[in-house]
Amino acid sequence: MAKSGGPGAFVFGQEECKEVMEVLQGRYLFRYGDENTEGYTHKVVDFENELKKVMGAKHAVATTSGTNSLLACLAALGIGADDEVIVPGYTFIASISTIMLSGAIPVLAEIDESLTIDPTKIEALITPRTKAIMPVHMLGNPCDLDAILAIAKKHNLYVLEDCCQAVGASYKGNRVGTYGNMGAFSLNLFKTISSGDGGAVITNDDDLYERAFGFHDQGHKPNRMGVEVGNRSFVGMNMRMNELTGAVALAQTRKLDEILTTLRTKKAMLKDMLKDLPHISFRKINDPGECATLLTILFDTKELAEKFCAQTGGRPIAYSGWHVYNNMEQVLEKKTAAKTNNVNDRVYYKHMLPQTDDILDRAVNISVGVVDKGLGSGYGINICSTEEEIKAVGENIRNLILNL
Ligand SMILES: Cc1ncc(COP(=O)(O)O)c(C=O)c1O
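Basically my numbering = 1-based index in the sequence shown + 24.
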């Protein structure tokens, strides 16, 4: 069994094997085909249809990663040179780098104690160049979407939901990714469900679907047969998911709700054991439909968080390198592979977001379903942990905190 990774990776089983074997036996690994294509098992199309059903979205496009999903969304929305996109300073680097790679300008925003973008700090960042807000449903917790959507509506901005860490989370009864104009998902090893790598875009808008699909496959119209010269909308990329990945993604999507139910039960058990402790609180959860992949403890002080982590072998979230703007030297120094002028008039620097820094210095992630040192959640439980194991981890955390 996996030692680190997301909950989906911990529950790989016969279902994934069966889907993959069907593809291999057909010996046809490309996503396009029809009833006349020998060996074609349409796993990518089945995955897209399953995802649409589960998410309650009109359209889905499978891709090769969450990063590429974000790029395809930005392209679909027509975001590029001189446009600004508001994005939180606590997120995986891809949320920010894809804005830069689109030729646009990331404008970093504060988070609040939900560890997602602070809606009260967004309006001050809006300029005539602002085109979109990219809320990131960090660590499985839905953003305060009501507030964000109201701001977007008032200022006529797009909302692109980065749902990479929140596959399956819901907000007020609907899945995240369906509230904004578009939603982007990741299926990498550390996500709610996984195909090793992989991703998807969802949207309810026909035009945005066609554009995202086109960008993901050299500008082609959805579900092409062959190469349609003369019919392509614009230049695009190759972000096509292959059938082996589609097979695993399909089996995992079918397990999504069971995974979420299990995580929520196990997280509640662990959280309940810690609720009366001094020196701590928990991060704000914006909706009980969160993924429950992690339990985030907020210590009263940075010193207490560090002392606790010294005992578990972890580090406060402030030091989880790939996810905190302070640790993204390529962003702070505006280093892009090729010459761009899009970020030239923008200044980024360490500790430019004091509220975010204060929260992350005091925050510690305990794993529930996502076991990932890079996220600061190398310690805790996993989706397969038994009641005894959860009790043992809960007791240990209690003792550590009581003896700080
Ligand atoms: C919030 C967020 N956005 C985007 C991504 C990029 O996803 P991928 O690794 O599939 O490219 C990740 C992955 O860690 C993420 O956590």
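For glycine and all other residues, C-beta sits at the position ideal for the given N, C-alpha and C.
What you are looking at is a predicted structure, and each value in this text was computed from that prediction instead of being measured.
Going by the C-beta, is residue i closer than 6 Å to any heavy atom of ligand 1?
{"i": "Q189", "result": "yes"}
{"i": "V348", "result": "no"}
{"i": "N212", "result": "yes"}
{"i": "S89", "result": "yes"}
{"i": "I393", "result": "The question names Ile, yet the displayed sequence has Gly at residue 393. For ligand 1, not one heavy atom lies less than 6 Å from the Cβ of G393."}
{"i": "S119", "result": "yes"}
{"i": "T115", "result": "yes"}
{"i": "G223", "result": "yes"}
{"i": "D324", "result": "no"}
{"i": "D186", "result": "yes"}
{"i": "V160", "result": "yes"}
In chain order, what residues of the same chain have a beta carbon less than 8 Å from the beta carbon of residue i, not counting five sequence neighbours either side?
{"i": "T122", "result": "T91, L94, L95 and L98"}
{"i": "A416", "result": "none"}
{"i": "D381", "result": "A342, N350 and H375"}
In this structure, how does DSSP classify residue i when only helix, strand and coil are distinguished?
{"i": "R278", "result": "helix"}
{"i": "T140", "result": "coil"}
{"i": "K155", "result": "strand"}
{"i": "E185", "result": "strand"}
{"i": "M263", "result": "coil"}
{"i": "L213", "result": "coil"}
{"i": "M206", "result": "strand"}
{"i": "R422", "result": "helix"}
{"i": "N198", "result": "strand"}
{"i": "I405", "result": "coil"}
{"i": "T227", "result": "strand"}
{"i": "D396", "result": "strand"}
{"i": "N73", "result": "helix"}
{"i": "Y372", "result": "coil"}
{"i": "V239", "result": "Just to set this straight, residue 239 is Phe in the shown sequence, not Val. It is helical."}
{"i": "S219", "result": "coil"}
Flag this pair as yes or no: are the beta carbons of residue i and residue j separated by less than 7 Å?
{"i": "L287", "j": "V392", "result": "yes"}
{"i": "R422", "j": "F323", "result": "no"}
{"i": "A128", "j": "V109", "result": "yes"}
{"i": "I217", "j": "V191", "result": "yes"}
{"i": "E185", "j": "P159", "result": "yes"}
{"i": "N406", "j": "F34", "result": "yes"}
{"i": "V69", "j": "M265", "result": "no"}
{"i": "A193", "j": "P152", "result": "no"}
{"i": "E43", "j": "A271", "result": "yes"}
{"i": "V47", "j": "F214", "result": "no"}
{"i": "A84", "j": "K76", "result": "yes"}
{"i": "T277", "j": "E74", "result": "yes"}
{"i": "G102", "j": "C315", "result": "no"}
Of all the options the options, which has the alpha carbon lying nearest to the alpha carbon of residue i?
{"i": "G30", "options": "E419, K397 and E412", "result": "K397"}
{"i": "G432", "options": "N423, E419 and S28", "result": "Residue 432 falls outside the range modelled here, since the chain spans only 25 to 428, and no answer is possible."}
{"i": "I117", "options": "E413, N406 and Y349", "result": "Y349"}
{"i": "F237", "options": "A316, I135 and M263", "result": "M263"}
{"i": "I226", "options": "L101, A81, L319 and F258", "result": "A81"}
{"i": "S119", "options": "K279, A84, A208 and D230", "result": "A208"}
{"i": "G204", "options": "L298, A171, K215 and N389", "result": "A171"}
{"i": "A176", "options": "S194, E147, G164 and G270", "result": "E147"}
{"i": "T317", "options": "G400, Q242 and R370", "result": "G400"}
{"i": "N198", "options": "F239, D230, P312 and F306", "result": "P312"}
{"i": "L356", "options": "N255, L426, P130 and G260", "result": "P130"}
Give me, in chain order, the residues of the same chain whose beta-carbon lies closer than 7 Å to that of residue i; leave out the 5 immediate sequence neighbours on both sides.
{"i": "M162", "result": "Y114, T115, L139, T140 and Q189"}
{"i": "T61", "result": "Y52"}
{"i": "L181", "result": "T154, K155, A156 and I157"}
Using a Cβ-Cβ cutoff of less than 6 Å, which residues in the same chain neighbour residue i once the five nearest sequence positions on both sides are dropped?
{"i": "E39", "result": "A275"}
{"i": "A273", "result": "F71, L211, S219 and G222"}
{"i": "M352", "result": "I117"}
{"i": "A329", "result": "F323, P340, R386 and V388"}
Give a yes or no on whether 7 Å exceeds the smallest Cβ distance from residue i to chain B.
{"i": "K215", "result": "Reference to chain B is not applicable here, since this structure consists of a single protein chain."}
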